[in-house]
Amino acid sequence: MKILLFGGSGQLGYELKKRASDLAFELISPVTAELDITDREQVKFLTASVKPDVVINSAAYTAVDKAETEIERAFAVNRDGARNVAEACEAVRCRMIHISTDYVFDGLLGRPLREDDPVNAVSVYGRSKLAGEEAVRGILGERSLIARTQSLYGQKGVNFVFTMLKLFPEREVVKIVSDQWVSPTWAGWLAEALLDFARIDRGGVVHASCTGAVSWFHFASEIMRLARPHFEGRKLAQLEETTVAELNRPACRPVYSAFDTTAITSLLGRSPISWQEGLRAFLSEIEVIH
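Going by this note's numbering, the first residue of the sequence shown is number 463, and it counts up by one from there.
As structure tokens, this is what we get:
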């Protein structure tokens, strides 16, 4: 099976490229410097040249707070870029897997979110990603699978786990939000799930995250607990709880955006790993724990 990947330079793209050959996929991914998904003609030409069976679009503008002032750029990538990729897929009649986010919700339901729950994005980033979902579905219908994920971390780029591992030995105190609940997701697991999706002729929306809900504070606490031996007795920061209101970031975030994973369990025939399993696997992979 031939897969064309947009966004291969990101942390999810890195994990997809690392795993694809082992699973007998031919994966082609242009580097960002060579292709901009906001360039409609470039996207159309490349897709027509490759003639893929499936396109995975993980290219996105993800600077959540900067998006509040870079509105045009966020929508250019997350809405218009997604539309360009979908139109290119329609032209060659191939399937598309489009990566979206929990930020299309406000998280006010206070329970794990299902695919059919009402969306209500509360940030520019969230609205731009929701507009991208709508563009893809409007063009491809059931030949598109919208895979929403969240709180992603992996070996490539900046993420919460790497930030915590850096701050623990550097700071005396690290304040972490304790009133926002998520399902932290290891990009390595997600990449394997997406490659499984590539083999399944299924459209619609699926919530693709590790299982379980945890606050950012308790996630940071678990990172510290597992990683403490790695620091070999060095003094580590004291973790203190703070609130979303006290942190006062430019962009609003969903309050409780952990996912209900019933649908993905049915789709794959197995349950996703828990956020704890994902964290352990990642820390083992980067040799922080053994």
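Cβ atoms here follow ideal geometry from the backbone N, Cα and C, with glycine treated the same way. Source: prediction; values computed, not measured.
Alpha carbon to alpha carbon, how far is residue j from residue i? Give it in angstroms, no decimals.
i, j, result
"Gln738", "Cys672", "9 Å"
"Arg661", "His752", "33 Å"
"Ile608", "Ala699", "39 Å"
"Gly586", "Ser728", "Note on identity: in this sequence residue 586 is Val, with Gly being the wrong assignment. Spanning the two alpha carbons is a distance of roughly 32 Å."
"Gln504", "Thr704", "45 Å"
"Thr500", "Pro691", "45 Å"
"Pro631", "Ala553", "52 Å"
"Phe487", "Ile601", "26 Å"
"Val717", "Ser511", "43 Å"
"Trp651", "Leu657", "10 Å"
"Gly665", "Gly603", "7 Å"
"Pro514", "Leu489", "9 Å"
"Arg633", "Glu747", "25 Å"
"Arg599", "Asp663", "15 Å"
Check residue i in the structure and name its three-state DSSP category.
i, result
"Leu489", "strand"
"Met463", "coil"
"Gln642", "coil"
"Leu497", "coil"
"Leu575", "strand"
"Ser511", "helix"
"Glu708", "helix"
"Gln473", "helix"
"His692", "helix"
"Lys637", "strand"
"Gln700", "strand"
"Arg541", "helix"
Could you tell me the boundaries of the alpha helix (DSSP H) in which residue i lies?
i, result
"Leu607", "Segment 606-611 is the beta strand (DSSP E) holding Leu607; no alpha helix (DSSP H) there."
"Arg742", "737-747"
"Arg589", "586-602"
For residue i, collect the residues of the same chain with a Cβ closer than 7 Å to its Cβ; drop the 5 residues on either side in sequence, then sort them by chain order.
i, result
"Arg535", "Tyr523"
"Glu653", "The sequence shown places Ala at residue 653, rather than the Glu named in the question. The residues are Leu474, Glu477, Leu478, Arg481."
Given residue i, which residues of its chain have a CB within under 8 Å of its CB, disregarding the five upstream and five downstream residues?
i, result
"Pro492", "Phe468, Gly470, Leu508"
"Ile735", "Trp648, Trp651, Cys672, Thr673, Ala743"
"Ser606", "Ala548, Cys551, Arg557, Met558, Ile559, His560, Val598, Arg599, Gly665"
Could you name the residues of the same chain whose beta carbon sits closer than 6 Å to that of residue i, not counting the 5 residues immediately before and after it, in chain order?
i, result
"Pro646", "Ser613, Phe681, Trp737"
"Ile561", "Ser520, Ala609"
"Lys637", "Glu702, Thr704"
For the putative contact between residue i and residue j, defined by C-beta atoms under 8 Å, what is the C-beta separation to the nearest angstrom?
i, j, result
"Pro574", "Ala675", "7 Å"
"Ala593", "Arg557", "No, Ala593 and Arg557 are not in contact; Cβ-Cβ is about 21 Å, not under 8 Å."
"Tyr565", "Ala583", "6 Å"
"Asp568", "Ala713", "Contact doesn't hold; Cβ gap of about 13 Å is too wide."
Beta-carbon of residue i versus every beta-carbon of chain C: anything under 8 Å?
i, result
"Glu532", "As a matter of chain content, chain C is missing from the structure shown, which is built from one protein chain."
Residue range of the beta strand (DSSP E) that residue i falls in?
i, result
"Ser562", "557-563"
"Gly666", "666-669"
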